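Here's the structure we're looking at; comments come further down.
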Ligand code: UD1
């Protein structure tokens, strides 16, 4: 579905246009609803940095979610974190200088988020951070530095849940805080009815892994594979390109247990179907953790902590450091499946699916 910007006078368009910046798979998903909500009120320049460029991580999502083509595709691609962030910043700044939006909206905690927020800040344009206020304490987590810097720069901090807002207040954040809920839930609710039906009744586990903590650590990745082989369920494991490279680099393709089926990355709809239909989700992805929580599928998160701590507090999710997964994953999988069988959790902690409108309302407040 193509969403056109409303007709506006030249004056209005100069004063009140916005820029929405995104660049990785989960950000493209969230941009789908944000673009629509924002474009119903203002002209919006859509900027895709091109941090993710493979068809499965980019073009397929545009197709499946009916996202209009971006106004600018920056083609930054893969590089060292410094080069990638610098390219995002320089190329975004050129666009901002030419378009002078009234605010720049960034999402999440990737290098694209950081580069775009820095570009806006250096150009003197207010930054709006969607998914603000999340924190982790893992040393060297690349996303942590990104989100802290972006939160420090932002004039408007759109938080997905109460705890994120409370944290920003405790940190004495400079920007205004708006409790909007999580736009990822909006996207899920909107597309659930077009998700493919269940293909088979055979129980299976769904596993994903993409973070540096796993893909840069041979022992951790090997332990996870061994753990997956011991849970007593067939495992579907769609692979992020980075994880496939890591398996090849570490010579671990031969260590993949017979019960684990490696697959190419799934599009948004097929991924939702897999999360919905799985008996258990095992992941290091924040997005997949929340999708499991919303769809009522029990989850084990292969990390020592999660930014989505509420999912753990209510029992929908359990944490397991990757190195311990060889021994402990089977018991934790059983525990999570039993918990889920005993009771279903309440699913509104991160909002009720109306977050994009709330973000647009908050942006309106910033512009007034
Ligand atoms: C990035 C984000 C992470 C987010 C994830 C969502 C940072 C620091 N990390 O991680 O927070 O959770 O996106 O998926 O920004 N590659 C391809 N094709 C692509 C993209 C990447 O083959 O289209 C490979 C390249 O080898 C690349 C590697 O994946 O070097 C890592 O990609 P990158 O964008 O740097 O980080 P992600 O791991 O995707």
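Numbering (my numbering), first residue to last: 2 to 369. We treat Cβ as the ideally placed atom computed from N, Cα and C, and that holds for glycine. The model shown is predicted, which means the values in this text are computed figures rather than measured ones.
Going by the C-beta, is residue i closer than 7 Å to any heavy atom of the ligand UD1?
i: residue 326; result: no
i: residue 52; result: yes
i: residue 58; result: yes
i: residue 241; result: yes
i: residue 82; result: yes
i: residue 127; result: no
i: residue 111; result: yes
i: residue 291; result: no
i: residue 302; result: no
i: residue 138; result: no
i: residue 85; result: yes
i: residue 246; result: yes
i: residue 130; result: no
i: residue 25; result: yes
i: residue 143; result: yes
i: residue 395; result: Residue 395 lies beyond the stretch modelled for the chain, which goes from 2 to 369, so this question has no answer here.
i: residue 217; result: no
i: residue 79; result: yes
i: residue 211; result: yes
At what residues does the beta strand (DSSP E) containing residue i begin and finish?
i: residue 117; result: Premise fails: residue 117 lies in the alpha helix (DSSP H), 112–123, not in any beta strand (DSSP E).
i: residue 387; result: Nothing in the structure corresponds to residue 387, since the chain is present only between 2 and 369.
i: residue 102; result: That residue, residue 102, is in no beta strand (DSSP E); it is neither H nor E in DSSP.
i: residue 220; result: Run containing residue 220: none in the beta strand (DSSP E); it sits in the alpha helix (DSSP H), 219–230.
i: residue 239; result: 236–239
i: residue 301; result: 300–302
i: residue 154; result: Not the beta strand (DSSP E): residue 154 falls in the alpha helix (DSSP H), residues 143–154.
i: residue 20; result: 19–23
i: residue 135; result: Neither: residue 135 is in no beta strand (DSSP E) and is coded neither H nor E.
i: residue 206; result: 206–208
How close, in whole Å, do the beta carbons of residue i and residue j come, if the pair is a contact with beta carbons under 8 Å?
i: residue 160; j: residue 133; result: 5 Å
i: residue 207; j: residue 226; result: The Cβ separation is near 15 Å, so there is no contact.
i: residue 291; j: residue 183; result: 7 Å
i: residue 275; j: residue 267; result: 6 Å
i: residue 360; j: residue 38; result: 7 Å
i: residue 188; j: residue 270; result: Not really, about 11 Å apart at Cβ, beyond 8 Å.
i: residue 42; j: residue 288; result: Between residue 288 and residue 42 the Cβ distance is about 26 Å, and since that is not below 8 Å, they are no contact.
i: residue 124; j: residue 157; result: 17 Å between Cβ atoms; not a contact.
i: residue 239; j: residue 203; result: Going by Cβ atoms, the distance from residue 239 to residue 203 rounds to 17 Å, so no, they are not a contact pair.
i: residue 19; j: residue 104; result: 5 Å
i: residue 235; j: residue 262; result: 7 Å
i: residue 178; j: residue 170; result: 7 Å
i: residue 139; j: residue 249; result: Rounded, the Cβ-Cβ distance is 26 Å, inconsistent with contact.
i: residue 141; j: residue 212; result: Rounded, the Cβ-Cβ distance is 11 Å, inconsistent with contact.
i: residue 311; j: residue 164; result: 7 Å
i: residue 316; j: residue 340; result: 5 Å
i: residue 128; j: residue 122; result: 6 Å
i: residue 81; j: residue 120; result: Not really, about 18 Å apart at Cβ, beyond 8 Å.
i: residue 66; j: residue 30; result: 7 Å
Any heavy atom of the ligand MN inside 7 Å of the beta-carbon of residue i?
i: residue 161; result: With respect to the ligand MN, the structure offers nothing, as its ligand set consists of the ligand UD1.
For the alpha helix (DSSP H) containing residue i, list its first residue and its last residue.
i: residue 318; result: Premise fails: residue 318 lies in the beta strand (DSSP E), 318–320, not in any alpha helix (DSSP H).
i: residue 334; result: 326–343
i: residue 215; result: 213–216
i: residue 356; result: 356–368
i: residue 169; result: 163–171
i: residue 314; result: 310–314
### Task
Pair every Cβ in the stretch 333–341 with every Cβ in the stretch 237–247, then say whether three or more of these pairs are closer than 8 Å.
No: fewer than three Cβ pairs fall under 8 Å.
### Every unbroken beta strand (DSSP E) inside the stretch 177–202 [3 residues or more]
List check, beta strand (DSSP E) in window: 177–180.
### Message
What ranges does the alpha helix (DSSP H) occupy inside the stretch 242–295, keeping only unbroken runs of at least 4 residues that lie completely in it?
### Response
Complete alpha helix (DSSP H) runs here, min 4: 242–250 and 269–278.
### Task
May I ask you to verify whether the stretch 140–158 touches the stretch 114–131, counting CB pairs closer than 8 Å and requiring at least 3?
Remark: three or more beta-carbon pairs, one from each stretch, lie closer than 8 Å, so the stretch 140–158 and the stretch 114–131 are flagged as touching.
### Query
Where are the beta strand (DSSP E) runs, 3 residues long or more, that stay fully inside the stretch 33–81, in chain order?
Secondary structure within the stretch 33–81: the beta strand (DSSP E) runs of 3 or more consecutive residues, fully enclosed, are 45–49 (chain order).
### Query
Are the stretch 217–226 and the stretch 318–331 touching by the rule of at least three beta carbon pairs closer than 8 Å?
The stretch 217–226 is in contact with the stretch 318–331.
### Task
Could you say if the stretch 40–53 and the stretch 73–86 meet the contact criterion of at least three C-beta pairs nearer than 8 Å?
Of all C-beta pairs linking the stretch 40–53 to the stretch 73–86, three or more are shorter than 8 Å, placing the two stretches in contact.
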